[in-house]
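Have a look at the structure below, then the notes.
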Amino acid sequence: MKLSSHKAFRLPEVVRTPSRFRNPIGKYRLYRTSDCIACGKCVEICPYGVHVIRKGQVFVENHYLCIGPDCPEPCHKACPVQALSVKRNPDFDALGDFRWTPDLLVSSWYMAEFGDTPPAGLEYKTGASGGGFDKLRIIIRGGKSGSEDPENDELDVGLELNRRNDNAHRIRIQVPFYGGGMSYGSVSITTMLSRMRAAKALGTFCCTGEGGYPDELKPYDDNVITQVATGLFGVSEETIQRVKIVEFKYAQGAKPGLGGHLLGDKVTPGVARMREAVVGYPLFSPFPFHSVYSVEDHKKHVDWIKAVNPKALVSVKVSTPTDVDMVAVGSYYAGAHIIHLDGSYGGTGAAPDIAKKNIAMPIEYAIPKVHSFLQEEGVRDKMTVIASGGIRTPHDVAKIIALGADGVCTGTADLVALGCLRCHNCESGRGCARGIATTDPELMDLIELDWGAQRITNFFLAWRKELIRILKKLGMTSIQELVGRTDCLVHLDYMRSRV
Amino acid sequence: MRGVRMPAKYVIQTRPVPHRFEPITRSGIIAWEEGCLKCAVCVKTRCVYGVYEHRGLKPHQMIDSIDNQCMNCFRCVQSCPKELIHKSLNPQFKALGDAYWSPEIIARLWYQAETGKIPVSGAGYPGPFSGPGFDSMWTDMSEIVRPTRDGIHGREYISTAIDLGKTHDHLMFNENGDLVGGSPSILDIPLPILVKVPPFGAVSSDTIKGWSMAARRLGTLLALPQERFHELPDDFSPWLTPLFSAEGFDPSAIPDGVRLVEIPWMEDWQRMVESLKGARPDLLISISVPAAEGMEEKALSLAKTGVIIHVEGSQDARLVDDRTRTLKDAIRSVHLKLVEEHIRDEVTLLASGGISMAEHVAKALICGADAVFIDFPVLIALECRMCKRCTKGLSCPVEIDNATPSWVALRTMNLLGAWHNQLLEVMGAMGMRDARRLRGEAGRAMFFEDLDRSTFGSLGEVEEGCEIE
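Those protein sequences? They're chains A and B, same order as listed.
Letter by letter, the first sequence follows residues 0 to 498 of numbering that gives the first Met the number 0.
Letter by letter, the second sequence follows residues 0 to 468 of numbering that gives the first Met the number 0.
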C-alpha cells in the first residue's frame, strides 16, 4: 500500500456553522436602553459582529460573540448616549463544571462554528480541575520559538499507526487524534455519521464502539475502527473484514472494571437488530472478556482477528490500573499495534459516579508510566500509544504527547462540538434532550448530518491549527518530535527557578 | 461440590421514598413574562421533560417545584425568541453545608435517600482532579484476571460482611477434638457500615426509632448516647450500641441483648473494661480514640487486650489536633502500627469522622479499617441541610423531628442500599469478593502523594526568559 504523505493530503475547508439553537450562550450579554439613537457606532466598531443595524434600528444580534472586558475598543464606552452596558451572562455561569468549565464549553462551540480558537475573552486552553492537565503548562524555553505563521503547512502533525513493520496495513492519520468508540444506541446514527464523515475529511479514523456496525457506515469503511468488546454485539467476520483497524475493548475509563449497560429504553428496534438482541430489554456488556484470563488468552484473541483479517491493525483499549504498564507490554507481546489507554476521568456513556471519580488513575499519570516502561523494555518504537479519558483541548493533546503518548482519542469533545453542554443526563428517559446521545426519533431529528459533520470538522481543524502553532513555538517540525518531551512542560505545583 | 450452596446474597431492598420538602437545587429557572410574544408553540410546551406542565407551588414552602424537575438541557433558554428564559446559579444551594459537607455532597445524599439508587450520569467526571484525604486516592481495577460480572446485580457473589471482635491467631482443641477456651466472641455484620447518632440535629425519639428500625433491618448497629437508650423498646437492644461517657458509668445498667458498647479513651480504661467484662463477659467493647498524636500507641495498648479500636476524626475527616492530616492518614498510620506489631489480624479497627460518600467506606477499608461509623449522612438522608439552626435552639427548616419512624427508616435504608451497591462496584472492579480482604490492601490503591510528585515533580524548572503558554 502506498504511503500517503502529509503534503499530498488535502485538508477540508472551514465552513462557518452556527449553533442549532437561536440563542447561543456566551460569556457576556449586552444591554441596550431606549436611549439608543441608532447611530450605528457600535455596529461600526465591533470587530466581532455583535451588533447589527436593520431598517434603521440597531440590535444586539450576537451576544455570544462579545469578548467582554478584553475588548480593546468597547462599544459601551464608544456609545455617544451611554445606551449600552455589558454584563456577565448568568446562563454562562450555570453551565459547566471543574473539568469542562463554561469557558471551555463556549470556546469549543466557537471552534466548532469558526474552525479557529476564540479571539479573546475565553480561557480555551485549560479547565479548573486543579490538577493534571489543568496544572501543566507548555513551556517554550529560550531560543526555540520559530515563526508563528499558521498557514505554513511544512509542519507534520500526522501519525503512523503501524510500527511493527509486519504485514498489516501501513496507516497514517493526518492529525494526531481519532474518534473514540461511542456505540450505535448510546448515540444517534446522525451523531455517529457526523463523526465518521468528519474523520474521513480530516484523514483520520473513528471507532464504532460496541454496538455493531450499521450499514449506513459503509461509505466510511476505510476510516472506521470497529470495536470488539465483551458483549460482542454486532461482531461478525464480515465486520472485521470491512475495516483496517480492529479495537479490542478490555475496559473503559468511565467505568473501569464494570462493563457496560444499555438501558432497555434505548434498545429500539434498530438497536436491537444491530445488536442481535430483543427490543426493550437492557443489554449488559459483561466484564471482563469471558474468554481472557491471561496474556496468552489475549494473544489468542489478537490471532483470531489476524486470521480473519490479516491486514488489520489491532488496537487494545484498556483502562489505567496500578499495573497498566504491564498490561501495555503484554499487549505488545500479544501482537497488538496500538495500545489505547483510557484514563479514569473521561468517558461519554452513563456510568456510576463512584466509578468515574474513584476507580483507576487519571491518564496524566498512566501515560508517562507506560511510555517509560515500554522504553525500558525496548519496544516503545514498535508500539503506538494512544491516550484518552479527559482530552478536552488541543493543549491537552500537546501535553499528553509530551508526557509520552503518540496521539489521542476523543469522545466527549466531539459531543461538545455538536452542542453537548454536559447536563450529564444522557441516560435518563428518552435520552439526550439535545438530540446527540439518543435513539428517540424525534430528538434525533434535532441534528442534521451536514451540520454535525461540519461542526466536528471545524472543531478539529481548529485543534490542528492550534497544535501547529504550539509546535512552531517549540521550534519543532513534526508532532513526533514532541513525544515524551517532558522538558516542554512545567507543572505549576512544582515550579521553581533554575539555580 | 454438589450440595454446597453459597449463602443468600445480602441485598438491601430499596424503593422511592419521596422528600417532604422541596430540595434546594444548584440552579434555578428565571422566566420573564414581560415582552412575551405569546408564540403559537411556546418553547415551554416543548420541554422534553415536561417540567413546565408538572410544576407546582408547595404552599407551606413557597418553592416552585420546577427547579427540581429541570434537567438543565437549556433548550428553552436557547430557543425562546425573546430570550425571556434564563438559568442561574441558586445562592441558597451554594450556602448549603460548609466547606467539607458541601452542597454537592448533601444533594447527592438526598438523591440516594430518596431513590435508593446509585448516582449515575453520562459525559465523564465533572469534579476536581484530587482533593484532601480520601479524594487523594484512586482504587484499582483489574483488566483480565478476575471473576466475570454482568453488571452490579450479576451472578458474581461479593460479600460485604465483616467481623467485630477479637479473633485468635490460632484455636486450641483437646484430645476429644473439642474447642478449648470457648469460641471467640465475634459479631458478624453484613456490611462494613455502622450508624451513629450525629453530634447535632433535630433528632426526636421518632428519629432514633427510625434509625433503630433501619439498623435492625440492615443487620447493623446504631450507636447512641446512653441517655437516649430508654427512648427505645427493649427488642431493639441487639442492634444498639450505647455510647457511655466516663461520668455516671454503670455497667450493670446495660440492657440485656446489647452486644457492643463503646466508651471513650481514658487513662484508666483498663479498669472500665474489667468492670464491664465482669458484669457481661460476652459483651464486645469498643473504645474511641481521638485521631490525634499518640493514637497509634493507644491503639496498640487496646489491641493487646482485644478491645475494638475506634479512631475518631473530626467532623470534616481531619485529625483533631492537626489540620494538615486527614482521617485517611490516621487509619493508615494506626493500621500500619498494628501490622508492625503483628497484632493486626487479631483486632478490629473502626474509623469515623467525615465519612460522607460511599467511596469513603471502600477507601477507609483499603487504608486499614475493618468498618466505619457514619453519622451526618443518616441525618442528611432525612433532608437535613446542615444549617445548624438546631445547635442554636432554632426550629429545623425541614422538621426532621416531626418525621415518622417508618419514613426515617426507609430513607436510611435507601441511603445504605445505595452505598452498599457502590461498595460492590468498587470491589467488583478490583476483582475483590470479600470486604474482609479489602482491609489494608493499600497496594490496590493509588495515592496522589506517591503518583503526583513522581510523575510531575521533575517538571518544575523554569529559567529566566522562557515563555509559558
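The beta carbon of each residue, even a glycine, is placed where N, CA and C say it ideally should be.
Given that residue i touches chain B, what residues does it touch there, using C-beta distances under 8 Å?
i, result
"P255/A", "M140 and A428"
"A432/A", "V47, Y48, M70, C72 and R74"
"N22/A", "V76, Q77, S78, C79 and E82"
Mapping DSSP to helix, strand and coil, what is residue i?
i, result
"K43/B", "helix"
"L422/B", "helix"
"M181/A", "coil"
"H18/A", "The question names His, but residue 18/A is Ser in the sequence shown. Looking at S18/A - three-state DSSP - the assignment turns out to be coil, as it is neither helix nor strand."
"C38/A", "coil"
"A30/B", "strand"
"V461/B", "strand"
"L348/B", "strand"
"K86/A", "strand"
"Q56/A", "strand"
"V301/A", "helix"
For chain B, check one thing: does any of its Cβ atoms lie closer than 8 Å to the Cβ of residue i?
i, result
"E426/A", "yes"
"F97/A", "yes"
"A93/A", "yes"
"T411/A", "yes"
"I338/A", "no"
"C408/A", "no"
"P367/A", "yes"
"P149/A", "Since pLDDT at P149/A reaches only 49, below the 50 mark, its modelled position is unreliable, and the value read off the structure follows with that caveat. False, the Cβ-Cβ gap to chain B never drops below 8 Å."
Cβ of residue i within 8 Å of Cβ of residue j?
i, j, result
"T383/A", "I337/A", "yes"
"V323/A", "L340/A", "yes"
"T325/B", "P127/B", "no"
"T267/A", "T438/A", "yes"
"P393/A", "A200/A", "no"
"L223/B", "V260/B", "no"
"D522/B", "L190/B", "Because residue 522/B is not part of the residues shown, which for chain B are 0 to 468, the question remains open."
"A350/A", "M70/B", "no"
"I140/A", "E462/B", "It is worth fixing the name first, because residue 140/A is Arg in this sequence and not Ile. Yes, Cβ-Cβ distance for R140/A and E462/B is below 8 Å."
"N413/B", "E21/B", "no"
"I172/A", "N161/A", "no"
"V257/B", "V288/B", "no"
Taking 8 Å as the threshold (beta carbon to beta carbon), is residue i in contact with chain A?
i, result
"G439/B", "no"
"Y124/B", "yes"
"M445/B", "yes"
"T159/B", "no"
"G34/B", "no"
"T454/B", "yes"
"E462/B", "yes"
"V425/B", "yes"
"S64/B", "no"
"W100/B", "no"
"W137/B", "yes"
"L190/B", "no"
"G459/B", "yes"
Identify the contact partners of residue i in chain A, using a Cβ-Cβ distance below 8 Å as the criterion.
i, result
"A357/B", "I353"
"Q91/B", "Residues of chain A passing the Cβ test: none, with the nearest at roughly 14 Å."
"V119/B", "A349, A350, P351, D352 and E426"
"K391/B", "Per Cβ cutoff of 8 Å: no residues; K391/B is ~32 Å from chain A at best."
Within the 8 Å Cβ cut-off, does residue i reach chain D?
i, result
"S26/B", "Protein chains in the displayed structure are A and B, and chain D is not among them."
Check the Cβ of residue i against every Cβ in chain B and list those closer than 9 Å, keeping chain order.
i, result
"I139/A", "C465, E466, I467 and E468"
Going along chain A, which residues have a C-beta under 9 Å from residue i?
i, result
"Q469/B", "In the structure as shown, chain B starts at 0 and stops at 468, and residue 469/B therefore has no counterpart that could be examined."
"W264/B", "Those do not exist, as W264/B stays about 32 Å from chain A at its closest Cβ, beyond 9 Å."
For a contact defined as C-beta to C-beta under 7 Å, what are the partners of residue i on chain B?
i, result
"R274/A", "Under the 7 Å cutoff, chain B gives no residues; its nearest Cβ is about 15 Å from R274/A."
"P89/A", "H85 and S87"
(Q) Is it the case that the region 401 to 413 of chain B contacts the region 439 to 458 of chain B, given that we only count it when at least three CB pairs across the two stretches are under 8 Å? (A) no
Q) Touching or not, the region 439 to 447 of chain A and the region 183 to 194 of chain A, by the rule of three or more beta carbon pairs under 8 Å? A) yes
Q) Given 8 Å as the limit, is there contact between the region 457 to 469 of chain A and the region 50 to 62 of chain A, that is, 3 or more CB pairs closer than that? A) no
Q.
Counting beta carbon pairs with one atom in the region 386 to 393 of chain B and one in the region 7 to 23 of chain B, are three or more of them shorter than 8 Å?
A. no
(Q) Does the contact criterion of 3 or more C-beta pairs under 8 Å hold for the region 478 to 486 of chain A versus the region 36 to 44 of chain A? (A) no
**Q.** Three or more C-beta pairs below 8 Å linking the region 415 to 422 of chain A and the region 159 to 172 of chain A
**A.** no
Q.
With three or more beta-carbon pairs closer than 8 Å as the criterion, would you say the region 320 to 335 of chain B touches the region 262 to 274 of chain B?
A. Between the region 320 to 335 of chain B and the region 262 to 274 of chain B, the count of Cβ pairs shorter than 8 Å is below three; the stretches do not touch.
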